[in-house]
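S.K.: To convert a position in the sequence shown, counted from 1, into my numbering, add 107. Heads up, the beta-carbon is just placed ideally off N, CA and C, and yes, glycines get one too.
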Amino acid sequence: MSQISIAATDGTGSFAAFVAEPKPSAAKPGAVVLIQEIFGVNQAMRDTAAWVADMGFVAICPDLFWRLQPGIDITDKSEAEWKQAFDLFNRFDQTLGIADLRATLAAARALPGANGKVATMGYCLGGRLAFMMAEQSDADLNVSYYGVGLDGLLGDLGKVSRPLLVHIADQDEFFPAEGRAKVVAAVAGNPHVACYVYPGADHAFARVGGIHWDGRSAAIANGRSAEALAAALG
Numbered sequence: 108m109s110q111i112s113i114a115a116t117d118g119t120g121s122f123a124a125f126v127a128e129p130k131p132s133a134a135k136p137g138a139v140v141l142i143q144e145i146f147g148v149n150q151a152m153r154d155t156a157a158w159v160a161d162m163g164f165v166a167i168c169p170d171l172f173w174r175l176q177p178g179i180d181i182t183d184k185s186e187a188e189w190k191q192a193f194d195l196f197n198r199f200d201q202t203l204g205i206a207d208l209r210a211t212l213a214a215a216r217a218l219p220g221a222n223g224k225v226a227t228m229g230y231c232l233g234g235r236l237a238f239m240m241a242e243q244s245d246a247d248l249n250v251s252y253y254g255v256g257l258d259g260l261l262g263d264l265g266k267v268s269r270p271l272l273v274h275i276a277d278q279d280e281f282f283p284a285e286g287r288a289k290v291v292a293a294v295a296g297n298p299h300v301a302c303y304v305y306p307g308a309d310h311a312f313a314r315v316g317g318i319h320w321d322g323r324s325a326a327i328a329n330g331r332s333a334e335a336l337a338a339a340l341g
């Protein structure tokens, strides 16, 4: 595991990205841009990167909060951390975040030894950004875990031209049932979108070590993600 620096496309500086590489093999690996939750590039994201690398892909997790405070690494275990996380979320510029993700996507495509195919996979805030990347980038696949406010992004659904996998928790405390239903209805029959709802699961059901971890839902969702990644990235 290592760290690389990626130049922002607006010329304001550069940001760090955590990298986990797979074991060497004869086949060139695809890459997965992991998109953080509101807790920064923390241990849960590093563990997710290790899982992605174990599947044979390069995992790259950029620090999207770098414009606010570089190096955020907190958990969901205390009220103070939740307060800090929501403050960062409320101040985060999603348009600039997408620009940074597009820069990360370009860097991932150009990685030496990789095959040039790249997916995004995001959680919580990252799940929303992954959905936006499906509408605003040429990523080969985008995977959204319990993205928030996805019903507000449906106007650009027609721009999705690559596979998009959407995981929705049916007890998501941060995404009201009405909004979730709108997303499910809007993507029904769309050949580019596969949408799954996980019964009894709360927001962040797949957060490694998280307070709402749901082993069954996480295993099923992660299996679907693994299959989609293998199909898209080789």
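Mark Phe193 as exposed unless 16 or more other C-beta atoms lie within 10 angstroms of its C-beta, in which case mark it buried.
M.R.: Under this definition Phe193 is an exposed residue.
S.K.: Have a look at the DSSP bridge pairing and note the partners of His274.
M.R.: His274 is bridged to Tyr252, Tyr303.
S.K.: On the CB-based measure, 16 or more other CB atoms within 10 Å of its CB, does Ala338 come out buried or exposed?
M.R.: Looking at its Cβ environment, which holds fewer than 16 other Cβ atoms inside 10 Å, Ala338 is exposed.
S.K.: Need the endpoints of the alpha helix (DSSP H) that Leu336 sits in, please.
M.R.: Its alpha helix (DSSP H) spans residues 322-340.
S.K.: Take the Cβ of Ile318 as the centre, count every other Cβ of all protein chains shown within 10 Å, and call the residue buried at 16 or more, exposed below.
M.R.: Ile318 comes out exposed.
S.K.: Could you tell me which of Phe199, Ala213, Ala166, Asp183 sits nearest to Pro177, measuring between CA atoms?
M.R.: Pro177 has its Cα closest to that of Phe199, out of Phe199, Ala213, Ala166, Asp183.
S.K.: Starting from Ala114, follow the beta strand (DSSP E) in both directions and report where the run begins and ends.
M.R.: Where Ala114 is concerned, the enclosing beta strand (DSSP E) stretches over 109-114.
S.K.: Taking all protein chains shown into account, do 16 or more other C-beta atoms lie within 10 angstroms of the C-beta of Asn297, making it buried, or fewer, making it exposed?
M.R.: By the neighbour-count rule (16 or more Cβ atoms within 10 Å), Asn297 is not buried but exposed.
S.K.: Report yes if the C-beta distance between Val267 and Ser332 is below 9 Å; otherwise report no.
M.R.: Not in contact: Val267 and Ser332 (Cβ atoms no closer than 9 Å).
S.K.: Going by DSSP, what residue range makes up the alpha helix (DSSP H) through Val159?
M.R.: Residues 150-161.
S.K.: Would you report the Cα separation of Ser290 and Lys184, rounded to the nearest angstrom?
M.R.: It should be pointed out that residue 290 corresponds to Val in this sequence rather than to Ser. Answer to the nearest angstrom: the Cα atoms are 30 Å apart.
S.K.: Do the stretch 133-148 and the stretch 115-122 make contact, defined as three or more Cβ pairs closer than 8 Å?
M.R.: The stretch 133-148, when compared against the stretch 115-122, does not touch it at the 8 Å Cβ threshold.
S.K.: On the DSSP bridge assignment, give the partners of Thr227 in chain order.
M.R.: Bridge partners of Thr227: Val140, Asn249.
S.K.: Buried or exposed: where does Met240 fall if 16 or more other Cβ atoms within 10 Å of its Cβ makes it buried?
M.R.: Classification of Met240: buried, given that the 10 Å Cβ count is 16 or more.
S.K.: Can the beta-carbon of Leu272 be found closer than 9 Å to that of Tyr303?
M.R.: Cβ atoms of Leu272 and Tyr303: closer than 9 Å.
S.K.: Between which two residues does the alpha helix (DSSP H) harbouring Phe193 extend?
M.R.: Here the alpha helix (DSSP H) through Phe193 covers 186-198.
S.K.: Can you grab the Cα-Cα spacing for the pair Leu248 / Lys190, in whole Å?
M.R.: Using only the alpha carbons, I get a separation of about 32 Å.
S.K.: Please go through the same chain and pick out, in chain order, the residues whose beta-carbon is closer than 6 Å to the beta-carbon of Tyr252, but skip the five residues on each side of it.
M.R.: If we look at Tyr252 and ignore the five residues flanking it on each side, its Cβ neighbours are Tyr230, Gly234, His274, Ala313.
S.K.: Please list the terminal residues of the continuous beta strand (DSSP E) segment that includes Ala127.
M.R.: 121-127 is the span of the beta strand (DSSP E), which, as asked, contains Ala127.
S.K.: Do Ile167 and Thr211 have their C-beta atoms within less than 9 Å of each other?
M.R.: For Ile167 and Thr211, yes; Cβs fall inside 9 Å.
S.K.: Can you name, in chain order, every residue of its own chain whose Cβ lies under 8 Å from the Cβ of Ala157, other than the five neighbours on each side?
M.R.: Only Met108, Ala127, Ala166 meet the Cβ criterion.
S.K.: Label Arg323 either buried or exposed according to how many other C-beta atoms from any shown protein chain fall within 10 Å of its C-beta, with 16 as the threshold for buried.
M.R.: By the 10 Å Cβ count, Arg323 comes out exposed.
S.K.: Verify whether the separation of the beta carbon atoms of Arg153 and Phe125 is less than 9 Å.
M.R.: In this structure, Phe125 lies closer than 9 Å to Arg153 by Cβ.
S.K.: DSSP puts Val165 in a beta bridge; with which residues?
M.R.: Ala138.
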